[in-house]
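**Student:**
Written out as structure tokens, the structure is:
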């Protein structure tokens, strides 16, 4: 018998296809419909038909629709429906290509970027998009905190620099070595960025910044409430305020239930016949508890497109003929999975060490980490957990990201004999099948992972079994994701963890917050004031060079060395990367799977015959 949650999900999604099952979806007022822009981008696809509705599901609710503070995948995906950036990525090869900017020039010294905007583009409410919006967006990011008594910027006592009024995530990423980028309007369709120093990935990170509408949000910069705008309350009560340049607009939102997007009548892309995109009239997205529920909904024919977990492919495929869908195998995904140990020295506020001193000595010993890596049966995980739909992972970058993947790093094939030799070299001995250190402590540790991801809990179980064969006892802790993140990034009250990264970053410098010692996501020992080890200092040096170097060959060589150091030192013990599967109902046309964009990269050009 299906669970009550799935029953409600089935009822809702079925209603999405049946007119009159519920009251008609509301249509918020739309501003004036502007003419097709003179600078409209023309797609290569043959013309399609208007009016179809796309039904999807989303594992997890949004937290905000404000791009300045969004840090979760659900929020970012929703924001990407209605906002746009100056540049984007080619879904085939990952190269930077035009979006709202039709072209750009970079000065010979690499410090000035001049973007030329598309002519005639309008916001969803009909107001023109200009360089003023680009300048406004960046000035909002860099807005200073002012002393109310003097009106002068407040200086941070630690950095000696003005405090930002909005301590936003983009501001964190857009400070180049702690310095701001200067942005100036040249004319209505031209904007120039001046960098404080060389920054190779600016076209990606700077050009990829979501642009905000000045005419809507400027008052909230003045009164200091910008970060409070475009919140959950906005989505519920005033979705019309969410003015954008994307293909779709938020029509309605019910927390924990659904989001409905409708087509933007002022979108700036057209098909080869000059028809304005998108073709889809509405996207109805049900909010579900996890990916398992989302996969079940697709298998029952209740949704149109879905990312399929590798372990669900076999049984979902059985319904393909009945519900007329195809599952596309896109090969190894960019996602990674790994185990790491808490290498943080020191104590908490009560004087208790973050990690027991004898365990910290184990974790800090490269021989121990390498032994654990040799002791992991990755092929066993591939077959037993993923049903063969995965590949062993030995390094920081998945083979999916062929441009930056280093195939020549050290590998750790399953070799218990080599693992035991390394442990013996490090002073560990076996006593009645249990491993002990030189001081007689039994080798055991807690390993936590999030309880709502069945693939991770199964991988953790296999890992514990592998370690038991070496005489190491692993106590598994399956906890909720938010608690896990607090323990790994705030309290540091843990010994080991199993998680993963989405991966697929189109530029290696995107990983600086993970790989550099001072990064807040430097999982094994975050936010170091100085590198704790020589090898971490070397990675810092290499990552800084990657950020400043424009020569692709030199950047690749530096990132190859970063990957080699990671493989040698094993601060992250990589496990496997699952294959990527996406299902879509066969009624949808213009479906073109790509290596980097999946099958919905051209969502604005998808169309289907009306039911």
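Numbering (our numbering), first residue to last: 29 to 639. Cβ coordinates follow ideal geometry from the N, Cα and C atoms, glycine included.
(1) What residues are listed by DSSP as bridge partners for residue 129?
(2) Leaving out the 5 sequence neighbours to the left and right, which residues in its chain are closer than 8 Å to residue 197 when beta-carbon positions are compared?
(3) State whether the region 226-241 contacts the region 133-141, with contact taken as three or more CB pairs (one from each stretch) at a distance under 8 Å.
(4) So, are the CB atoms of residue 76 and residue 307 less than 8 Å apart?
(5) Measure the beta-carbon distance from residue 423 to residue 597 and round it to whole angstroms, keeping in mind my assumption that it falls under 8 Å.
(6) Classify residue 242 as helix, strand or coil using the three-state DSSP reduction.
(7) Whole angstroms are fine: how far does the CA of residue 103 sit from the CA of residue 247?
(8) Among the residues of its own chain, which have a CB less than 7 Å from the CB of residue 636, if the five just before and after it don't count?
(9) With three or more beta-carbon pairs closer than 8 Å as the criterion, would you say the region 344-351 touches the region 318-328?
(10) Identify, in the order they occur along the chain, each residue of the same chain with its Cβ nearer than 8 Å to the Cβ of residue 293, setting aside the five sequence neighbours on each side.
(11) What are the uninterrupted segments assigned as alpha helix (DSSP H) that are 4 or more residues long and contained completely in the region 242-309, given in chain order?
(12) For residue 225, is the classification buried or exposed, using 16 other Cβ atoms within 10 angstroms of its Cβ as the cut-off for buried?
(13) For residue 199, name the three-state secondary structure that DSSP assigns.
(14) For the alpha helix (DSSP H) holding residue 356, just list the boundary residues, first then last.
(15) Label residue 369 either buried or exposed according to how many other C-beta atoms from any shown protein chain fall within 10 Å of its C-beta, with 16 as the threshold for buried.
(16) What residue range does the alpha helix (DSSP H) around residue 160 cover?
(17) Taking C-beta to C-beta, are residue 68 and residue 209 nearer than 8 Å?
(18) Under 8 Å between the Cβ atoms of residue 271 and residue 288?
(19) Going along the chain, which residues of its own chain have a beta-carbon closer than 8 Å to the beta-carbon of residue 218, five neighbours each way excluded?
(20) Return helix, strand or coil for residue 590, following the three-state DSSP convention.
(21) Let's test the definition: count the other Cβ atoms within 10 Å of the Cβ of residue 595 and tell me whether it reaches 16, buried, or not, exposed.
(22) Using alpha carbons as the reference points, say which of 523, 539 and 92 lies closest to residue 389.
(23) Which of the three DSSP states, helix, strand or coil, is assigned to residue 396?
(24) Taking buried to mean at least 16 other C-beta atoms within 10 Å of its own C-beta, is residue 627 buried or exposed?
(25) Can the beta-carbon of residue 254 be found closer than 8 Å to that of residue 168?
(26) Using the three-state DSSP reduction, which class does residue 514 fall into: helix, strand or coil?
(27) So is residue 344 buried or exposed if we call it buried at 16+ other beta carbons inside 10 Å?
(28) Residues in the same chain with beta-carbon distance under 8 Å from residue 407, minus the five sequence neighbours each way, listed in chain order, please.
(29) I believe residue 5 touches residue 510 by the beta-carbon criterion, under 8 Å. Please report the beta-carbon distance rounded to the nearest angstrom.
(30) Can you tell me which of the three DSSP states residue 72 falls into?
(31) Give the secondary structure of residue 525 by DSSP, where H, G and I count as helix, E and B as strand, and everything else as coil.
(32) Using a 10 Å radius around the Cβ and a threshold of 16 neighbouring Cβ atoms, would you call residue 459 buried or exposed?
(33) On the three-state DSSP scale, how would you describe residue 486?
(34) Would you list the residues sitting across from residue 609 in a DSSP beta bridge?
(35) With H, G and I counted as helix, E and B as strand and the rest as coil, what does DSSP make of residue 506?
(36) Within the chosen definition, does the region 394-411 reach the region 578-587 through at least 3 CB pairs nearer than 8 Å?
**Tutor:** Taking the geometry as given:
(1) Indexing the chain shown from 1 puts residue 129 at position 101. Paired residue(s): 145.
(2) Within the chain shown, numbered from 1, the residue matching residue 197 stands at position 169. Any reading at residue 197 must be qualified, since the residue scores a pLDDT of 46, below 50, and its modelled position is unreliable; the value itself is stated next. Excluding sequence neighbours, residue 197 sits near 96, 97, 98 and 99.
(3) yes
(4) Taking the first residue of the chain shown as 1, we reach residue 76 at position 48. Taking the first residue of the chain shown as 1, we reach residue 307 at position 279. Yes, the Cβ-Cβ distance between residue 76 and residue 307 is below 8 Å.
(5) Looking up residue 423 in the chain shown gives position 395. Looking up residue 597 in the chain shown gives position 569. That pair is no contact at about 12 Å.
(6) Numbered from its first residue, the chain shown carries residue 242 at position 214. Residue state, collapsed to three classes: helix.
(7) Translated into the one-based positions of the chain shown, residue 247 becomes position 219. Translated into the one-based positions of the chain shown, residue 103 becomes position 75. Spanning the two alpha carbons is a distance of roughly 24 Å.
(8) Here residue 636 is taken as the residue at index 608 of the chain shown, counted from 1. Correct list, in chain order: 80, 615, 616 and 617.
(9) yes
(10) Numbered from its first residue, the chain shown carries residue 293 at position 265. Here the set comprises 58, 61, 152 and 304.
(11) 242-250 and 260-265
(12) Start at 1 with the first residue of the chain shown, and residue 225 comes out as number 197. Flag for residue 225 reads exposed.
(13) Position 171 of the chain shown holds residue 199. Annotation note: pLDDT 44 at residue 199 (below 50); position unreliable, coordinate value reported separately. Helix.
(14) Start at 1 with the first residue of the chain shown, and residue 356 comes out as number 328. Counting along the chain, residue 356 falls outside any alpha helix (DSSP H), though it belongs to the beta strand (DSSP E) covering 353-360.
(15) The residue given as residue 369 occupies position 341 in the chain shown. It is buried - the Cβ of residue 369 has at least 16 other Cβ atoms within 10 Å.
(16) In the chain shown, residue 160 corresponds to position 132, counting from 1. Segment 159-169, the alpha helix (DSSP H) holding residue 160.
(17) Position 40 of the chain shown, counting from 1, holds the residue named residue 68. Position 181 of the chain shown, counting from 1, holds the residue named residue 209. Contact flag unset, no.
(18) Against the chain shown, residue 271 aligns to sequence position 243. Against the chain shown, residue 288 aligns to sequence position 260. No, the pair does not count as a contact, with Cβ atoms beyond the cut-off.
(19) If you number the chain shown from 1, residue 218 lands on position 190. Excluding sequence neighbours, residue 218 sits near 142, 143, 144, 145 and 159.
(20) Position 562 of the chain shown holds residue 590. The answer is helix: DSSP assigns residue 590 an H, G or I state.
(21) Within the chain shown, numbered from 1, the residue matching residue 595 stands at position 567. Buried is the call here.
(22) Taking the first residue of the chain shown as 1, we reach residue 389 at position 361. Ranking the options by Cα distance to residue 389, first place goes to 523.
(23) Against the chain shown, residue 396 aligns to sequence position 368. DSSP places residue 396 in helix when its eight states are reduced to three.
(24) Here residue 627 refers to the residue found at position 599 when the chain shown is read from its first residue. By the 10 Å Cβ count, residue 627 comes out buried.
(25) Position 226 of the chain shown, counted from the start, is the residue given in the question as residue 254. Position 140 of the chain shown, counted from the start, is the residue given in the question as residue 168. Contact: yes.
(26) Walking along the chain shown from the start, residue 514 turns up at place 486. It is helical.
(27) Counted from its first residue, the chain shown places residue 344 at position 316. By the 10 Å Cβ count, residue 344 comes out buried.
(28) Along the chain shown, read from residue 1 onward, the residue named residue 407 stands at position 379. If we look at residue 407 and ignore the five residues flanking it on each side, its Cβ neighbours are 420 and 442.
(29) The structure shown does not extend to residue 5, since the chain is modelled only from 29 to 639, so the question has no answer here.
(30) Within the chain shown, the letter at position 44 stands for residue 72. Three-state DSSP puts residue 72 in coil, outside helix and strand.
(31) Along the chain shown, read from residue 1 onward, the residue named residue 525 stands at position 497. Strand at residue 525.
(32) Here residue 459 refers to the residue found at position 431 of the chain shown. Exposed, by the Cβ-count rule.
(33) Working through the chain shown from its first residue, we reach residue 486 at position 458. Correct three-state label for residue 486: helix.
(34) Start at 1 with the first residue of the chain shown, and residue 609 comes out as number 581. According to DSSP, which records beta bridges pairwise, residue 609 is partnered with 336 and 357.
(35) Taking the chain shown and counting its residues from 1, the one referred to as residue 506 is at position 478. Three-state DSSP puts residue 506 in a strand.
(36) no
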